[in-house]
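Structure, as structure tokens:
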Amino acid sequence: MNNIIEVKDFVKKYGNFTAVDHVSFEVEEGSVFSFLGPNGAGKSTTINTLCTIFDKTSGTLLIDGKDVTHKKDEVRSVIGVVFQDPTLDNKMTVYENMKMHCYFYNVPKGEIEQRIDFALGIVDLKEWKKSMVSSLSGGMKRRVEIARSLLHYPKVLFLDEPTTGLDPQTRAHIWDYIVKLQKEKNITIFITTHYMDEAEISNKGAIMDAGKIVALDTPHGLTKQYTRDKAHIRTTDMLGLETKLIERGFHYKKREEY
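My numbering runs 118 ahead of the 1-based position in the sequence shown.
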């Protein structure tokens with residue numbers, strides 16, 4: 119399978135501060151790739167550079183074979199972006215926000231209505247088309263933003279912490295729509311998130327910390343490497359329990375050792 123995103127030895131500095139430090143990775147076309155890490159790890163800097171918003175300090179960043187520094191307009195034509203902070207116009211309807219986006223991307227006039235219906239259908243919001251954005255819940259607004267990002271039929275969709283500030287149930291629904299989108303349209307999806315459970319939908323993920331990629335693996339591999347299951351056991355036969363744990367290769371601590 120072809121790599122639609124290629125990042126090689128990427129560095130981004132702000133004065134003497136290095137936000138991204140010689141990062142390299144690839145994303146296969148049609149896959150879901152997750153970028154995990156704490157605030158300040160360099161995730162958003164990386165995604166903003168890939169989306170042509172920031173300029174690199176050094177390195178190579180390609181999307182669909184196009185250099186994000188030298189071919190910005192061509193890159194922008196093949197990507198969709200949902201940022202952390204809302205970018206919808208609250209004084210307009212859902213339909214008006216969508217139509218304005220079509221104009222920005224020069225969507226043929228004869229296709230605008232069909233594309234809006236298609237995109238809103240993906241996130242189950244066709245019946246809200248005439249509603250004012252200001253009347254929508256936070257989760258619904260995020261769904262509109264996802265729909266809007268699809269109007270120009272991008273090859274890659276960037277989602278920068280798309281569930282930030284949403285309640286657990288709404289978070290789950292957002293991920294359901296993302297999975298549905300990927301399966302139906304085979305679009306490449308690049309996600310940044312704080313949550314390991316959200317990364318489970320991805321084919322591969324990277325953990326970033328202090329500007330560096332510290333792990334790159336499948337979700338199962340990352341979970342195995344960075345999480346541990348714990349159990350607290352009470353017993354009247356400590357010696358017997360210890361024998362069983364040792365036989366099975368489990369690491370344990372007695373209560374008095376805490």
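For glycine and all other residues, C-beta sits at the position ideal for the given N, C-alpha and C.
Restricting to Cα atoms, I'd like to know which of Ala-237, Lys-371, Leu-180 is closest to Ala-349.
Ala-349 has its Cα closest to that of Lys-371, out of Ala-237, Lys-371, Leu-180.
Who are Asp-185's beta bridge partners in DSSP?
Leu-180.
Return the bridge partner residues of Lys-362 from the DSSP annotation.
Answer is none; Lys-362 lacks a bridge partner.
How about the region 129 to 143 and the region 154 to 167: do they share at least three Cβ pairs that are nearer than 8 Å?
Yes: the two stretches touch, three or more of their Cβ pairs being nearer than 8 Å.
Out of Leu-359, Met-314, Gly-257, point me to the one whose CA is closest to Pro-204's CA.
Looking at the Cα atoms, Gly-257 is the closest of the given residues.
List the endpoints of the continuous alpha helix (DSSP H) containing Ala-237.
That run of the alpha helix (DSSP H) goes 230 to 240.
What residue range is occupied by the uninterrupted alpha helix (DSSP H) comprising Ile-292?
Unbroken alpha helix (DSSP H) run through Ile-292: 286 to 303.
Going by beta carbon distance, what residues of the same chain come within less than 7 Å of Leu-299, once the five residues before and after it are set aside?
The residues are Ile-240, Ile-305.
Residue range of the beta strand (DSSP E) that Gly-198 falls in?
It spans 197 to 200 - the beta strand (DSSP E) in which Gly-198 sits, taken as one unbroken run.
Is it a yes or a no for the region 204 to 220 touching the region 142 to 150, going by three-plus beta-carbon pairs under 8 Å?
They do not touch, by the three-pair rule.
In chain order, what residues of the same chain have a beta carbon less than 6 Å from the beta carbon of Tyr-376, not counting five sequence neighbours either side?
Caution applies to Tyr-376, whose pLDDT of 43 falls short of 50 and renders its modelled position unreliable; the model cannot decide the point.
Excluding the five sequence neighbours on either side, which residues of its own chain have a C-beta within less than 8 Å of the C-beta of Asp-191, listed in chain order?
Taken in chain order, the list of residues that qualify is empty.
Only counting the same chain, and skipping five residues up and downstream in sequence, which positions put a Cβ closer than 8 Å to that of Asn-120?
Within the same chain, Asn-120 has close Cβ partners Glu-146, Glu-147.
Any contact between the region 180 to 187 and the region 257 to 268? By contact I mean 3 or more CB pairs, one from each, below 8 Å.
The answer is no - the region 257 to 268 does not touch the region 180 to 187, with fewer than three Cβ pairs under 8 Å.
Taking all protein chains shown into account, do 16 or more other C-beta atoms lie within 10 angstroms of the C-beta of Val-251, making it buried, or fewer, making it exposed?
So Val-251 counts as buried.
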